[in-house]
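Asker:
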Amino acid sequence: MSSLHSPASLVDRTISPSHPIPTPSPSISLPGQEPPPPPPPTNDGFVEGDVTLCSSDGVEFKAYKLILRLTSPVFSDMFSVASVKDAITLNDDAHSIAMMLQFAYPDRDLIVPSFDHLEKALGIARKYHIDRMTEALRLRLRSSNDVTGDLSPISMSIDPIRAFAIARQFGLVEEAKAASTMTIGKFRILEMSDTDLHSLAIDLESCQRSIWCTENEQWLDAVRSKLEDQLVDVASVRIVL
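Written out as structure tokens, the structure reads:
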């Protein structure tokens, strides 16, 4: 039976001369008040079926075994075992399972509202060997519009640096090449202020974003020098030429 364990993350920490990394907007709250918590995950309306999929964050999804078997060879192998119970606990969170089921059901649209969701969607597609879902997500990454015709929130044109990082993580060679070319000429570290450099260092350290570097050794030396001035551990940042 196929393994249900997620592959290890392939993300590297790299630095490049392309696009300034956006820093997260601070949460807005009144003095003495904490920002509101995010809404709890839901089962996205999947309430009918002959098997229950229990997410790692405690959400139950009802689904039909036949649809899951037709979608994923992993589930097909799983359900071929007579002892499979009517409830299965998965190591995937509710958002990931919801996107997998959205793709599996012909009357549902796969909704991928952010690059964070794209990373989860590609992860669960790879884990359960859903190749058609991976291809659909690759098309979304390259396209400017989503299924509704609106601007796609996961188009590589919106954030080519993040798109490149995700493409590299999942071995999407053509998408990584396309995203990397979009970053050329958009980012010049020598023109950044010390504050921006500090934000860049924090982003590299906390988010582990991969960034494409296509400049020469002179540029590379300048990057190292500027980062060392900001007390960044340069050894922890792998620069790809």
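Its first residue numbered 895, the sequence shown is counted upward by one per residue in my numbering. Every residue, glycine too, gets a C-beta built ideally from N, C-alpha and C. In this text, all values refer to a predicted model and were calculated from it rather than measured experimentally.
(1) Would you decide whether Leu1045 is buried or exposed? Buried here means 16 or more other CB atoms lie within 10 Å of its CB.
(2) Only counting the same chain, and skipping five residues up and downstream in sequence, which positions put a Cβ closer than 8 Å to that of Leu984?
(3) Whole alpha helix (DSSP H) runs in the region 934–1020 with 4 or more residues, listed along the chain?
(4) Which residue marks the beginning of the alpha helix (DSSP H) containing Leu1033, and which one marks its end?
(5) Determine the direct distance from the alpha carbon of Ser1038 to that of Glu1068, and round the result to whole angstroms.
(6) Take the Cβ of Phe997 as the centre, count every other Cβ of all protein chains shown within 10 Å, and call the residue buried at 16 or more, exposed below.
(7) Do the region 1002–1018 and the region 966–980 touch if we need at least three Cβ pairs shorter than 8 Å?
(8) With a threshold of 6 Å on Cβ separation, who are the neighbours of Leu962 within its own chain once the five nearest residues in sequence on each side are excluded?
(9) By how many angstroms is the C-alpha of Pro934 removed from the C-alpha of Glu1148?
(10) Taking the alpha carbon of Ala1070 as the reference point, which residue from Leu1035, Ala1015, Pro1047 has its own alpha carbon closest?
(11) With 16 other CB atoms within 10 Å as the buried threshold, where does Ala1061 fall?
(12) Comparing C-alpha positions only, which one of Ala988, Asp944, Lys959 sits nearest to Ser974?
(13) Do Met993 and Ala1015 have their C-beta atoms within less than 9 Å of each other?
(14) Please classify Gly1065 as buried or exposed, where buried requires at least 16 other C-beta atoms within 10 Å of its C-beta.
(15) Only counting the same chain, and skipping five residues up and downstream in sequence, which positions put a Cβ closer than 7 Å to that of Leu1032?
(16) Do you know offhand how far Gly1043's Cα is from Met1050's?
(17) Considering only the alpha carbon of each residue, which of Gly952, Leu964, Glu942, Asp944 lies closest to Tyr1022?
(18) Report all residues from its chain with a CB closer than 7 Å to the CB of Phe940; omit the five preceding and five following residues, and keep chain order.
(19) By the DSSP assignment, the alpha helix (DSSP H) with Phe1058 in it spans what residues?
(20) Here's the rule: buried if 16 or more other CB atoms are within 10 angstroms of the residue's CB, otherwise exposed. What is Asp1025?
(21) Judging by CA-CA distance, which residue of Arg1020, Glu942, Arg1056, Asp1053 is the nearest neighbour of Asp980?
(22) By Cβ distance, which residues of its chain are closer than 7 Å to Ala1073, with the 5 residues on each side in sequence left out?
Answerer: Looking at the atomic coordinates:
(1) With fewer than 16 other Cβ atoms within 10 Å, it is exposed.
(2) Taken in chain order, the residues that qualify are Leu898, Leu947, Cys948, Ser949, Ser950, Ile991.
(3) As far as the region 934–1020 is concerned, its whole alpha helix (DSSP H) runs of at least 4 residues are 959–965, 967–973, 988–998.
(4) First-last of the alpha helix (DSSP H) with Leu1033: 1025–1036.
(5) Looking at the two C-alpha atoms, the distance is approximately 16 Å.
(6) With 16 or more other Cβ atoms inside 10 Å of its own Cβ, Phe997 counts as buried.
(7) Contact annotation: the region 1002–1018 does not touch the region 966–980, with fewer than three C-beta pairs closer than 8 Å.
(8) The beta carbon of Leu962 sits closer than 6 Å to the beta carbons of Phe969 from its chain, once the five residues preceding and following it are set aside; these are given in chain order.
(9) The displayed coordinates of the chain run from 895 to 1135. Any statement about residue 1148 would go beyond what the structure contains.
(10) The shortest C-alpha separation from Ala1070 is found at Leu1035.
(11) Label assigned to Ala1061: buried.
(12) Ranking Ala988, Asp944, Lys959 by CA distance to the CA of Ser974 puts Lys959 first.
(13) It is a contact, given that the beta carbons lie within the stated cut-off.
(14) It is exposed - the Cβ of Gly1065 has fewer than 16 other Cβ atoms within 10 Å.
(15) The sequence given here has Arg at residue 1032, not Leu. Taken in chain order, the residues that qualify are Leu1066, Glu1069.
(16) When rounded, the separation of the alpha-carbon atoms in Gly1043 and Met1050 is 16 Å.
(17) Nearest option by C-alpha distance: Leu964.
(18) Correct list, in chain order: Phe955, Lys956, Ala957, Leu995.
(19) For Phe1058, the enclosing alpha helix (DSSP H) has its first and last residue at 1054–1063.
(20) With fewer than 16 Cβ atoms within 10 Å of its Cβ, Asp1025 is classed as exposed.
(21) Comparing alpha-carbon positions, the option among Arg1020, Glu942, Arg1056, Asp1053 lying closest to Asp980 turns out to be Glu942.
(22) Met1050, Pro1054, Ala1057, Phe1058, Ala1061, listed in sequence order.
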